[in-house]
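In what follows, a single structure is set out as C-alpha cells and then discussed.
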Amino acid sequence: VIETMGFQSLHFFVFMLGAFVLNHLLRSHLGMRKNVLLLASYYFYMTWDVAFAGLIALMTAVNFVAGRGIARSGTITGKRLWLAVALIVCLAVLAYFKYVNFFLDSAVSLLRAVGLFVDVPTLQVVLPIGISFFTFQSLSYTIDVYRGQQTQCRSFRDFALFVSFFPTVLSGPITRSRQLLPQFEQPFPEDGRRYVDGLYLTIRGFIKKILFADILATHIVNPAFSSPEQLSGGFLLLAVYAYSFQIYMDLSGYTDIARGSAKLLGFELPRNFDYPYRAVSVSNFWQRWHISMSSFFRDYLYFGVGGSKRGNVYVNLLITFVAIGLWHGAGWNFIAYGLVHGSIVGFERWRRTSRRGIASDRTGWRLAATVLVTFQIVAFSRVLFRAEDLQSAASYLGHLVSATGGLFPLSLLAATSLAVAAVLHYLPERWIWETRDRLVRLPGLVQAMLIGSLCYTLVVFSGGEAPFVYFQF
Amino acid sequence: MGDRTHTGSGPWRVLRIVGLVAALLVAAELVLQARAHYRYGQSAFNMVASETMYVRHEATGLRLLRPNRVFGGVSQVIESNEYGLRSPSIDLTRDPAELRIAVLGASTVMGAYAKSNADTFPALLEKRFEEATAGARVRVINAGMLGFTLREQRILLEHVIAPLQPDLLIIYPGFNDFARYCSGGTEGKPSRPSRDRLPTISLPGWVLTVDILLKNTVSIRDAPVILPVASEAKRVDADTLDLDPYRSSLLELVQSAKSLVGERVVLSTNARSFSMAQDHDTQMRLSETARHYNQCFDLANLHRVYDRHNGLLADVALATGVHLLDSARRVPADPRYFTDASHFSPAGEKLMADFLYGFLRENRLIE
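Protein chains in written order, with this note's numbering: chain A, 215 to 687; chain B, 802 to 1168.
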C-alpha cells in the first residue's frame, strides 16, 4: 500500500503526466499556468501531509510580507526589523518542530550533570516533511531582498509557487528566488530539447535511487549499522564506503527526479552535485556536495557572521559547519559531524594561506592520492552522520578496528552495485554524455522497450517503498 | 553522472515514448491476465464480463465467492455453493442422521492451491468419514475464505454458518491478521503521531504484473543472512508486538463458536513449511511468500510472530475449554506438505485431513 505520493508511486506518474499535459496546453496562458502549478504543488504536498500545508502557507505569507516591508521601508532600522520578524518566525517554527526535543533532552542532561533532576516529558512532535527545505528557500528570498540582491516579488501567487513548487518542496534543491521567480514570468520555453533532458534526468534519478541507493542500504549499510558486533572489520569498512555512495545516489537521485520533473514543466533548477567524490580537499568537497544547501550556508550564515572579513574566520567556519550538521538532524552526532568538517576546512584554509600546498595543482598519481585521502575523510566522518548517536558511532568505529573474525555477508548484487556506482562516479563525464546521446537517438519503440524493461527492473529491486534519506531532514 | 543539454525534440516525443511504454506495460499485463484466466478461470476479464469471482455478501458485507458458479482453468477449478463458499450445496433443513462439521478459516482452509473442491482438506475429511462410517452421514462444510481475518471468520460464522446448524466447529485461523503489523495498521504497534493525508491512487488489486514480479523475486531483495532486513525503518521486533487485539478477536470468535456448538469446538494452531531446524537457505526459500506479505519482519522475527500467535492460540484453547489441535507440531515443516510458506500441497491437504480425522476420533468428538 503506497500511502503517499512518493516519486516511485503510480499516483506520481499520473499526477506528473497530468501536470505535464496541462502545463503544455496552458503554455500561452501564463497566469492560468501558474495557478495550475500552484494548486498542483499544494495538492502534492497534501498527499504527504494536509495540516502542514498550512505551515508552508505561513512561511510564504511571513516572507512575502517581510520582503514587501523591507522593500518599502525607508530606513535601515525598518528593514532590519522586517528581516528580524521573518528570521524569528521561520527559525522559531523550525526550532520547535525539529529541535525542541533535542534542546529539552540536552537541558535535562545538563541539569542532571549539576545535580538537578527534572522530569520533562518528550513532546510528540510530528516533523513536517521538507521543513528544512521550504523554510530555507522562503527565508533566502527575504535575506536577498534585504541585501538588495533580489527585487520585491509583487505577486503573492508567484511567491507561493516559488515556496511550494512541488519538485523542490520535499527535499530541494534549495532554489534561490532569483533563480526561480524570474522563470515564472517568462513565456513558456519552446525549446523542445529540455523535455528529452527532463525525461532522461528523471529516469536517471530512479536508477540511482533504486539500483544503487536502496540496494546498498538493504544489503550492506543497514545490516552493518544495525549489527556491527556480528560482522567482520572488512565488512564494516566496506559499509563505510557503501554508505557514502548510498547517500550520494539517494540525494542526487532525488535531485535528478526533481530537476527532470521541473524541466518537463519548463523550469530549470540548479545542479546540486558535481562529482563530490572527485574532490581534492574537504573544502572542495563542500563545493561539490549538495551545492544548494552548502551555498545557502555559505551565503547566508558564513558571510553573515563575517566570513573571512570580520571576526575569526576559523570560528566562523566552525559556526557554519556546526549549523550544517544541525540542519541535518538534532543530535550531538550531527554537531560532531559539523565540528569535524569545520575543523578540517579550517585547517585546509590555514594551509592554503600558509602556502603549504595547493591540492588543485596536483596531477597524476598525486592527484589520485589526494582524491583518495579526501574520500576517506568524508566517508569516515559520515559514520557520525549515519549512526543513531555519538555512542553508536564510537561503537561502530570500535568494532571496525577491533573486530576479529565476524561475518562478511557480501552478496554479488551488493558488490556489483557498489562497484558500478564507484566506476560511474570516476568515469569521464564525456562517456556518460555520449551514452545518453546514443540512447536518446534510438528509435522511439526501442527507447520505450528499454524504459519498460527498466520499469520491471526497478519494481523488482525496489520492493515498492523505501523513502528518500533526505525526507527526514 | 553529470548532465548536458541534449539536442532532441519536443513534448510530443516525450509523450509518444511515455505512451509507448504504457502500451507495452499494458500489453504485458494483458498477457498475464490471459494466462491467469487460462489457468485459474479468474482474471480482470471477469470484471469486464461482470462475473468477478468474489462478490460482497449483502447481509454481512463479507467478500465471498459468487454463489453457484464454477470458476475453472487448467490448473484449478473452484465451485461455489449457494452461500458463496467453496463447498458442496447444503440444505438449511438437515437430516436428523446427518452430522455437520464446519471448518472455519482463510485461504488454507479454502484450499488456495487445491486443484478442485474435492482436493481441499475439509472435503478429504468428509471422504474419510464416508469411507470409514457406513450409514451415518457426515457433512463437512468448507467455510474457509481467502483473506479472512478472525473478525471476518466470526461474522461468517454468525451469519452464514450458524443457520446451517453445525454440530462441530473446527477453526484454523490462518495468518491474515498478521498483515496489520506491516501494513501501517496501528493495532498491536506502539502508537506514533500520525499525519492526515489526501488519498492517493495506487495500483488496483487485480493488476498482476507487480504482484508476480515481487512475489517471485523476494530472494533477490533479501538482506544478507543473520541480519536485520531491508530498511530499518520498516523492521518490527516481533517480541514488542501487542497481541491483545488478536487475543480479543480470537476470544470473540471462540465464544461465538461455543455459543453455537457448546464444547464441540476445535481450535487449531497454524502450520508452516519453514522451521528453525532447517538450514538457513531452505528457510529463506520456503518462507518467501510469508516474507512477501509480512515485509516488516526478518526471518527470525517471522518465526517469533508465528510462534507467539500459535502460543496464544494454545492459551485461548486452554482458557476457553475448547479442544486444541496443534497442527503446527503435527504437520511437519516439510516442503512436501506445503506449496508455499503456509498453504498445503496435495500431500499436505491429505495429511491434514488424516490428522483431523484421527483427532476427532481420539477425542470422541465424532462417535
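Positions of the beta carbon are idealized from the N, C-alpha and C atoms, including for glycine.
Task: Local conformation of glycine 620 (chain A) per DSSP, three classes - done: coil
TODO: Give the single residue among A:Tyr640, A:Ala453, A:Ser320 and A:Leu324 whose Cα lies nearest to the Cα of threonine 336 (chain A).
DONE: A:Ser320
TODO: Could you name the residues of the same chain whose beta carbon sits closer than 8 Å to that of arginine 996 (chain B), not counting the 5 residues immediately before and after it, in chain order?
DONE: none
TODO: Give every residue of the same chain whose Cβ lies closer than 6 Å to the Cβ of isoleucine 471 (chain A), excluding the five residues on either side of it in the sequence, and list them in chain order.
DONE: Phe221, Thr416 and Gly419
Task: tyrosine 355 (chain A) at chain B interface by Cβ criterion, 8 Å - done: no
Task: For glutamate 880 (chain B), the residue or residues it bridges with in DSSP - done: B:Val871
Open item on the list: Buried or exposed, going by whether 16 or more other CB atoms sit within 10 Å of the CB of phenylalanine 370 (chain A)?
Closed with: exposed
Task: For glutamate 899 (chain B), three-class secondary structure by DSSP - done: strand
TODO: Any chance you could list the beta strand (DSSP E) runs of at least 3 consecutive residues sitting entirely within the region 276-363 of chain A, in chain order?
DONE: none
Open item on the list: Please tell me whether threonine 1018 (chain B) has its Cβ less than 8 Å away from any Cβ of chain A.
Closed with: yes
Open item on the list: Can you check which of these residues, B:Gly862, B:Gly874 and B:His858, is closest to proline 868 (chain B) by C-alpha distance?
Closed with: B:His858
Open item on the list: valine 1067 (chain B) and isoleucine 1228 (chain B) - do their beta-carbons sit closer together than 8 Å?
Closed with: Here chain B has residues from 802 to 1168 only, and residue 1228 (chain B) is not among them.
TODO: Kindly give me the distance between the Cβ atoms of alanine 907 (chain B) and proline 967 (chain B), rounded to whole angstroms, as I take these residues to be in contact under 8 Å.
DONE: Incorrect: roughly 18 Å between the Cβ atoms, too far for contact.
Open item on the list: Comparing C-alpha positions only, which one of B:Leu970, B:Leu1061 and B:Leu999 sits nearest to serine 1069 (chain B)?
Closed with: B:Leu970
Open item on the list: Between aspartate 1082 (chain B) and chain A, is any beta-carbon pair separated by less than 8 Å?
Closed with: no
TODO: State the Cα-Cα distance for the pair leucine 926 (chain B) and arginine 1165 (chain B), rounded to the nearest angstrom.
DONE: 16 Å
Task: Residue-chain proximity (histidine 542 (chain A), chain B), Cβ-Cβ < 8 Å - done: no
Open item on the list: Taking a contact to mean a Cβ-Cβ separation below 8 Å, would you say arginine 955 (chain B) touches serine 888 (chain B) in this structure?
Closed with: no
- [ ] Note down, in chain order, every chain B residue with its Cβ under 8 Å from the Cβ of alanine 265 (chain A).
- [x] Arg996 and Asp997
- [ ] Please compile the residues from chain A whose C-beta is within a distance smaller than 8 Å of the C-beta of valine 822 (chain B).
- [x] Ala662, Ile665, Gly666 and Cys669
Open item on the list: Under DSSP, the alpha helix (DSSP H) around tyrosine 516 (chain A) begins and ends at which residues?
Closed with: Premise fails: tyrosine 516 (chain A) is in no alpha helix (DSSP H) and is neither H nor E.
- [ ] Taking only beta carbons into account, state which residues of the region 382-409 of chain A come closer than 7 Å to chain B, listed in chain order.
- [x] Gly406, Arg407 and Tyr409
TODO: With distances taken Cα to Cα, identify the nearest neighbour of proline 396 (chain A) among A:Gly386, A:Pro381 and A:Phe373.
DONE: A:Phe373
Open item on the list: Below 8 Å on C-beta distance, what does tryptophan 579 (chain A) contact in chain B?
Closed with: Near tryptophan 579 (chain A) there are no residues of chain B at all, since even the closest Cβ is about 24 Å away, more than 8 Å.
- [ ] Confirm, please, whether the CB-CB distance from glycine 975 (chain B) to threonine 909 (chain B) is below 8 Å.
- [x] yes
Task: Proximity to asparagine 1095 (chain B) [Cα-Cα], best of B:Val1037, B:His1124 and B:Ala919 - done: B:Val1037
Task: Euclidean distance between Cα positions of lysine 990 (chain B) and glycine 520 (chain A) - done: Any reading at lysine 990 (chain B) must be qualified, since the residue scores a pLDDT of 44, below 50, and its modelled position is unreliable; no value is offered.
Task: Limits of the beta strand (DSSP E) - the one that serine 888 (chain B) falls within - done: Careful: serine 888 (chain B) lies outside any beta strand (DSSP E) and carries neither H nor E.
Task: Euclidean distance between Cα positions of alanine 662 (chain A) and alanine 824 (chain B) - done: 9 Å
TODO: Can you tell me which of the three DSSP states tyrosine 1047 (chain B) falls into?
DONE: helix
Task: Cβ-based neighbour list, glycine 842 (chain B), same chain, cut-off 6 Å, excluding 5 preceding and 5 following - done: Phe872, Gly873 and Gly874
TODO: Report buried or exposed for leucine 1028 (chain B), applying the criterion of at least 16 other Cβ atoms within 10 angstroms of its Cβ.
DONE: In this predicted model, leucine 1028 (chain B) has a pLDDT of only 48, less than 50, meaning its place in the structure is not dependable enough to derive any value.
Task: Separation of arginine 998 (chain B) from asparagine 237 (chain A), as counted between CA atoms - done: 25 Å
TODO: Could you run through the region 327-342 of chain A and flag, in chain order, every residue whose CB is less than 8 Å away from some CB of chain B?
DONE: Gln338, Val339 and Val340
Open item on the list: Within a Cβ cutoff of 6 Å, which residues of the same chain sit near glycine 552 (chain A), ignoring the five residues on either side of it in sequence?
Closed with: Phe535, Val536, Ile538 and Gly539
Task: DSSP state of isoleucine 388 (chain A) mapped onto helix, strand, coil - done: coil
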